[in-house]
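Peer 1:
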Amino acid sequence: MKYWLMKSEPDVFGIDDLEAAPRSTTAWDGVRNYQARNMLRDEFQRGDLAFLYHSSCKEPGIAGVIEVVRPGYPDPSALDRKSPYFDPQSDKQSPRWYSVDVKLDRRIDPPITLKELREHQRGALKDMLLLRRGNRLSVTPVTAKEWNFILGMR
DNA sequence: GCCAACGTTGGC
DNA sequence: GCCAACGTTGGC
Numbered sequence: 022m023k024y025w026l027m028k029s030e031p032d033v034f035g036i037d038d039l040e041a042a043p044r045s046t047t048a049w050d051g052v053r054n055y056q057a058r059n060m061l062r063d064e065f066q067r068g069d070l071a072f073l074y075h076s077s078c079k080e081p082g083i084a085g086v087i088e089v090v091r092p093g094y095p096d097p098s099a100l101d102r103k104s105p106y107f108d109p110q111s112d113k114q115s116p117r118w119y120s121v122d123v124k125l126d127r128r129i130d131p132p133i134t135l136k137e138l139r140e141h142q143r144g145a146l147k148d149m150l151l152l153r154r155g156n157r158l159s160v161t162p163v164t165a166k167e168w169n170f171i172l173g174m175r
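Per the numbering used here, the very first residue in the first sequence carries number 22; after that it's consecutive.
#1: Does the stretch 142-162 come close enough to the stretch 96-109 that 3 or more CB-CB pairs lie under 8 Å?
#2: Tell me W25's beta-bridge partners as DSSP assigns them.
#3: Taking the straight line between their C-alpha atoms, what separation do you get for F180 and V86?
#4: According to DSSP, is V52 helix, strand or coil?
#5: Relative to the alpha-carbon of R53, which residue among S120, N169, G82 has its alpha-carbon at the smallest distance?
#6: Which ranges would you report for the beta strand (DSSP E) in the stretch 111-145 if only whole runs of at least 3 residues count?
#7: What distance in whole Å lies between the Cβ atoms of M22 and D63, which are believed to be in contact at a cut-off of 8 Å?
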């Protein structure tokens, strides 16, 4: 089993939206970066856990734990002409983009802020990808050590 | 295959 | 709104 961190803008889709979704489950679609795509397609497994991270908002931080309930499958939004994530270059035969389905496991209240995480940037979280300068990947792996340490912060 | 221009991300 | 960092595009 692996651990991940998945970014989302709460103004677009946040933990409240996930909780309100049917069975608190949603398709994690719209990822349009090859590195992230490869992880969704090749590495995500049912039962993996991920932090839901709120980005581009007032208090960026980890707002909850989510579980992968369906591993990588072709992202339907890439083929949906009406979707904002539609990609005319993708096609059904050789899908370019992938999604996974995730379910809310539990909220982290209050969220563990980026500020708090940064307090450990020289210590337990010194290798955490999220905290790396210039990191823009919306899906990143988290080590078991980092995972447990961060959960211990609440 | 190089690399400049451009677009996007995301914290501040 | 600014801007650093980085990915992508496209001309050559």
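Just so you know, even glycine gets a beta-carbon here, dropped at the ideal spot from N, CA and C.
Small disclaimer: the values here were computed from a predicted structure and weren't measured.
Peer 2: The structure says:
#1: no
#2: A71, P162
#3: This structure cannot speak to residue 180, because the chain is shown only from 22 to 175.
#4: coil
#5: S120
#6: 119-134
#7: Not really, about 15 Å apart at Cβ, beyond 8 Å.
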